[in-house]
Structure formats: C-alpha cells, structure tokens
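Undergrad: Got a structure for you, questions after.
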Amino acid sequence: PPPPPPHTPLSLHDALPIWLMVTAATIYMSLLGSDGLAAVASQSASNTARLVGGLTSIDGIERLFDGPFFHEVALKLDRPVAPVLTELAERSILGGFDLGDSLENALLVCATETKTEADINTYVSALREIMATEARRSA
Numbered sequence: 031p032p033p034p035p036p037h038t039p040l041s042l043h044d045a046l047p048i049w050l051m052v053t054a055a056t057i058y059m060s061l062l063g064s065d066g067l068a069a070v071a072s073q074s075a076s077n078t079a080r081l082v083g084g085l086t087s088i089d090g091i092e093r094l095f096d097g098p099f100f101h102e103v104a105l106k107l108d109r110p111v112a113p114v115l116t117e118l119a120e121r122s123i124l125g126g127f128d129l130g131d132s133l134e135n136a137l138l139v140c141a142t143e144t145k146t147e148a149d150i151n152t153y154v155s156a157l158r159e160i161m162a163t164e165a166r167r168s169a
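And the structure:
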C-alpha cells in the first residue's frame with residue numbers, strides 16, 4: 031500500500047519505539063558531555079576516513095562525490111550493490127546502505143566510533159575479495 035499522507039498522526043504503538051530511541055540517545059549524549067561527544071564525532075570521522083581509504087583502493091570502487099564528508103560517504107561500485115551487500119552479510123558484515131533507488135550502483139558507508147581498526151580491515155579485506163571474485167566470474 032502507498033505510504034500514509036504526511037499529516038497522518040502516528041499511533042502510540044508506532045511512536046513508542048521512536049520515543050525510546052530518542053530517550054536513549056538523549057541519555058547517551060548527556061552522559062558523554064560536550065568533550066565526550068566531540069571525541070565520539072572525531073573518532074567516527076577518523077574511522078570513516080580510514081574505511082573509505084581502504085575501500086577506494088579496491089578496483090571497481092570510487093567515491094561518488096568529491097566534497098568533504100563527516101561520517102558517511104557515498105561510493106560508486108562498478109556493479110549492482112545488493113549482491114555485494116548479501117555477500118558481506120553472509121560474512122556477518124553490515125556493509126552499508128544501497129542507494130539504488132536514487133543512485134545506480136551507489137553504496138552509503140560509515141564507520142562509527144565503535145569500530146576498531148580490525149573491524150575496518152576485515153570489511154576492506156572481505157570487499158576486496160568479493161570484488162575480485164566477481165571480476166573473475168565476469169571475465
């Protein structure tokens with residue numbers, strides 16, 4: 031069915047999860063304080079830069095836009111994103127968000143403050159292997 035018109039109010043059942051997430055986020059940010067929040071933001075930006083550097087070193091992957099970024103980056107793949115995300119999921123890697131509804135073969139990635147260097151390296155290695163395997167299949 032089509033989505034409800036924008037003026038349709040949310041039921042309590044639909045709104046409760048949203049309010050719980052907002053409350054949890056508020057508590058988290060309150061406990062971090064301004065210095066902690068700045069550290070989290072800095073770590074997220076640094077992790078994303080490392081992830082993007084690793085991913086764009088793989089043949090068939092490039093940044094979609096050249097502008098500055100904070101903690102999310104759109105990448106252009108030389109193939110459809112959905113099968114790549116499926117292969118990553120089979121390796122227990124949440125690979126990002128397929129932007130295919132808006133941008134063909136585009137993948138949105140980020141690496142939050144919770145990701146370690148090992149997590150980032152695991153993702154890059156897995157995607158490198160997937161891209162190479164698919165390239166060999168196509169050849």
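If you're matching positions, the sequence shown starts at 31 in the numbering used here and goes up one per residue.
Every residue, glycine too, gets a C-beta built ideally from N, C-alpha and C.
This one's a predicted model, so the numbers in the text were calculated from it and none came from an experiment.
If you reduce the DSSP assignment to three classes, tell me which class D128 lands in.
TA: Correct three-state label for D128: strand.
Undergrad: Here's the rule: buried if 16 or more other CB atoms are within 10 angstroms of the residue's CB, otherwise exposed. What is I150?
TA: It is buried - the Cβ of I150 has at least 16 other Cβ atoms within 10 Å.
Undergrad: Quick check on A169: does DSSP put it in helix, strand or coil?
TA: Any reading at A169 must be qualified, since the residue scores a pLDDT of 47, below 50, and its modelled position is unreliable; the value itself is stated next. Looking at A169 - three-state DSSP - the assignment turns out to be coil, as it is neither helix nor strand.
Undergrad: Could you give the residue range of the beta strand (DSSP E) that holds I91?
TA: Counting along the chain, the beta strand (DSSP E) containing I91 begins and ends at 91-93.
Undergrad: By alpha-carbon positions, which one of E120, D128, S41 ends up nearest to L105?
TA: The shortest Cα separation from L105 among E120, D128, S41 belongs to D128.
Undergrad: With DSSP collapsed to three states, give me the class of A26.
TA: Nothing can be reported for residue 26, as the shown portion of the chain is limited to 31 through 169.
Undergrad: Please tell me whether S90 and M161 are closer than 8 Å, where the distance is taken between their beta carbons.
TA: The residue you asked about is not Ser; residue 90 is Gly in the sequence shown. Closer than 8 Å, so yes.
Undergrad: DSSP state of A141, grouped into three classes?
TA: Correct three-state label for A141: coil.
Undergrad: State yes or no: is the C-beta of G126 within less than 8 Å of the C-beta of L115?
TA: Yes.
Undergrad: May I ask which residues mark the beginning and end of the alpha helix (DSSP H) holding L46?
TA: First-last of the alpha helix (DSSP H) with L46: 42-85.
Undergrad: On the DSSP letters alone, give me the boundaries of the beta strand (DSSP E) that L107 sits inside.
TA: Where L107 is concerned, the enclosing beta strand (DSSP E) stretches over 103-107.
Undergrad: If you count every other CB in all the chains shown that lies within 10 Å of the CB of A169, and 16 or more means buried, which is it?
TA: Reliability fails at A169, whose pLDDT of 47 lies under 50, so the model's placement of it is uncertain and the value that follows must be treated cautiously. A169 is exposed by the Cβ-count criterion.
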